[in-house]
Amino acid sequence: MFAEFLQYLFSGLTSGAIYALAGLGFAIIYNSSHVINFAQGEFIMIGGMATATLVAAGMPLPLAAALAVVATMAVGVALEKFAVEPARNADVTAIIIITIGASIFLRGAAQVLWDKEFHSLPAFSGDTPLKVAGATLMPQSLWVVGVAVLVIAALWWFFNRTMFGKAMLATSYNPLAARLMGIPVKTVLMVAFALSALLGAVGGIVMTPITFTNYEAGIMLGLKGFSAAVLGGLGSGAGAIVGGLLVGVAEALASGYLSSAYKDAIAFIIILFVLFFMPSGLFGKKGTERV
Amino acid sequence: MWKSPRTGGLGLLAVLLAAAPLTFPNAYFYDVAVNALFNAVICVGLNLLIGYGGQISLGHAGFYALGAYGSAILVGRYGLPPLAAMLVSATGVGMLAFVVGRPILKLKGHYLAMATLGIGIIIHIVLKTESGLTGGPDGMGVDPFQIAGFAVSGDKAWYWVGAALLVLAVWLALNLVDSPVGRALRAVHGSEVGAEVVGIDTTRYKVLVFVVSAVFASLVGSLFAHKNGFITPDIGSFFRSIELVTMVVLGGMASTFGAVIGAVILTLLPQFLAAFEDYEAMVLGGIMMGTMIFLPKGLLPSVRGLWARRRAAP
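Shown next as structure tokens:
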């Protein structure tokens, strides 16, 4: 009974960690530019696909992963430079359509560059499951959660202890004042997209040995990352992490105890209820609007 | 008098629709044309919400699919006449849109996008999963559309049904936009707070267009199901919702005829791209980005602006 619960919890926390990374990616870009980047899921896909291809071609995993992360970051910067920046003053609907267009474009490019097949990676440290209180835990799950914790810690350090990180926070609070203080707001935007791409790529790489990946794998992951970010309150970093873990665990428990067919619906059912009753998410600032 | 879009534009549309079949070399063109007309009707409704109300919906394919499955199930399983099934489905979808619309239309921008996206995806998953009722991912067959003993069959007959429906939809939309409701909506789009200050019940009007656009989608969904004879849950997919929004935005937000043009272009596009099938997604994504970056108002309003400037120049 308990072992079963623990089993669901493990798998929920594993996918929750990926959603949290994706949600953080949404939050970072949203904070610096008020753009919702619907191509966040494609970063996850590109990271996983590129690593899988390079490893299959005989490259050692760490090198392949590093190259894949750099490539994904380049895609993120290009997205900012060529699609988001030219439309800086467009309204919300227009920017939503631009980033959705970008996600469709990247998916199409991946389908041309690779194929429609599923790609996989070997588990980083073997497939021998660990036994924990009657539940089995795959070593790769530890990798996912461990890497997510490391990345989140590094981000925390970046935003709170480095000059550039603080400049990015300043930009998110008040872009005009930040620019007047000499903060290069354009560079901040580009770094935000690069960081979000990095978060996505890292998530995609550690997750690929468990779930496999193909050119369409980013759609659901991206949308669930968005749910995680909205659940926690758009723009709140801690909120995105908590939101991601909540979505992951709720999904695992619901598919274990209720119905696995509705697994993908859980995130959206939760988010609808939250939006009905707490429109600014769990940790979001109460919205007051200045006229 | 002919300058008014309600008479001049509508007249032109009717003439074009009547003349278009003369250029169709074979029956396949009718099939494509019917799909274009159906999409145009949905987009005219969706444009009321996006273009005039300034609200985004990323889940309209869900309402469309509910209309299609509602008709298929009510006619096939419960033996309702197709017209009654279509109206019952549309009423159901309208009520669903009303119930979910009231809380979600208080949300703005990104939260609204998330909520409508969630509803669309939940509908898609339900249709895929409840295979006892819907046939699951494999889809289900649909009986032909019969009314008073006559069956509408063949793409030619459907073309005239679609054309009549489009003229009706455009007429309704143009009148709605020119009514107090339309003016209230434009005020909401301009500034929601400003609209509230002058006494407009903004939520009520937003819910109204949300329901109207959902009903349009549902009615077209029902007709599509009968015409096609077979439906799968993918007619309600997230991608389909995006496609509908892109049609509206490409043609021109806040322009009823723009929505029609956007729907026709995007429906015909895959026919021209068939040669580079692999690149279809890249082209579609590129069009979405390009239109928003270079023609943020959409095709028709941009062309119209260019025309006006040309005439103003000496």
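Protein chains in written order, with our numbering: chain A, 30 to 320; chain B, 2 to 315. Even glycine gets a Cβ: it sits at the ideal position worked out from N, Cα and C.
- Only residues of its own chain outside the window of five on either side were considered, and among them Leu53 and Ala56 have a CB closer than 7 Å to the CB of glycine 266 of chain A, listed in chain order.
- In the DSSP annotation of this structure, phenylalanine 297 of chain A is not part of any beta strand (DSSP E); the continuous alpha helix (DSSP H) holding it starts and ends at 292-306.
- If you look at valine 161 of chain A, you'll find it isn't in any alpha helix (DSSP H); it sits in the beta strand (DSSP E) that goes 159-161.
- Among the residues facing chain A, aspartate 279 of chain B is included, as its CB has a counterpart in that chain under 8 Å away.
- Contact annotation for valine 246 of chain B against chain A: Ile126 [CB-CB distance below 7 Å, chain order].
- When beta bridges are read from the DSSP output, alanine 182 of chain A appears opposite no residue.
- A direct Cα-to-Cα measurement between leucine 49 of chain B and leucine 11 of chain B gives close to 17 Å.
- With respect to valine 94 of chain B, leucine 67 of chain B sits close: the two C-beta atoms are nearer than 8 Å.
- Annotation: the continuous alpha helix (DSSP H) that includes isoleucine 75 of chain A extends over 69-85.
- Proximity of methionine 115 of chain B to chain A, defined by a Cβ-Cβ separation below 8 Å, is satisfied.
- Within chain B, no C-beta atom comes less than 8 Å from the C-beta of tyrosine 286 of chain A; the nearest is roughly 16 Å away.
- The CB of threonine 130 of chain B comes closer than 7 Å to the CB of Ala290 and Tyr291 in chain A, given here in chain order.
- Judged by beta-carbon spacing, asparagine 36 of chain B lies beyond the 8 Å limit of methionine 248 of chain B, meaning their Cβ atoms are not closer than that value.
- In this structure leucine 205 of chain A is exposed. Its beta-carbon is surrounded by fewer than 16 other beta-carbon atoms within 10 angstroms.
- The beta carbon of leucine 108 of chain B is closer than 7 Å to those of Ala116 in its chain, skipping five residues each way along the sequence.
- Against chain B, a Cβ distance below 7 Å from proline 115 of chain A picks out Ile294.
- The DSSP assignment places complete alpha helix (DSSP H) segments of no fewer than 4 residues inside the segment 73-146 of chain B at 83-105, 110-130 and 132-135, in order along the chain.
- Just so you know, the alpha carbons of isoleucine 295 of chain A and aspartate 279 of chain B end up roughly 33 Å apart.
- In the three-state DSSP reduction, histidine 148 of chain A falls in the strand class (E or B).
- With contacts defined by Cβ atoms closer than 8 Å, valine 153 of chain B and valine 162 of chain B form a contacting pair.
- For the segment 253-273 of chain B, the beta-carbon criterion of a distance under 9 Å to any beta-carbon of chain A is satisfied by Met254.
- For the segment 83-113 of chain B, residues whose beta-carbon sits nearer than 7 Å to a beta-carbon of chain A comprise Pro104, Ile105, Lys107, Leu108, Gly110, His111 and Tyr112.
- A check of alpha carbon separations from phenylalanine 258 of chain B across B/Arg305, B/Glu244, B/Ala218 and B/Phe273 identifies B/Arg305 as the nearest.
- Taking 9 Å as the cut-off between beta carbons, the residues of the segment 41-61 of chain B near chain A are Ile51, Gly55, Gln56, Ile57 and Leu59, in sequence order.
- Under the 8 Å criterion on CB atoms, methionine 289 of chain B is classed as interfacial with respect to chain A.
- Taken atom to atom, the span from the alpha-carbon of alanine 264 of chain B to that of leucine 245 of chain B is near 8 Å.
- For alanine 185 of chain B, the enclosing alpha helix (DSSP H) begins and ends at 181-191.
- For leucine 14 of chain B, same chain residues with a beta-carbon under 8 Å away, outside a window of 5 residues either side, are Leu167, Val168, Val171, Phe258 and Val261 in chain order.
- Interface with chain B (8 Å Cβ-Cβ cutoff): glutamine 140 of chain A is included.
- Close partners of isoleucine 120 of chain B in chain A (Cβ separation under 9 Å): Phe297 and Leu301.
- Against chain A, the CB of methionine 141 of chain B has no partner CB under 8 Å away; the residue lies outside that interface.
- At a cut-off of 8 Å between beta-carbon atoms, alanine 282 of chain B makes contact with chain A.
- Within chain A, no C-beta atom comes nearer than 9 Å to that of proline 234 of chain B; the closest sits roughly 12 Å away.
- Here DSSP, grouped into helix, strand and coil, assigns valine 153 of chain B to strand.
- Excluding the 5 residues flanking it on each side, valine 64 of chain A has same chain C-beta neighbours closer than 8 Å at Ile58, Val113, Ile124 and Thr128, in chain order.
- About 6 Å separates the beta carbons of leucine 50 of chain A and alanine 177 of chain A, which is inside the 8 Å limit, making them a contact pair.
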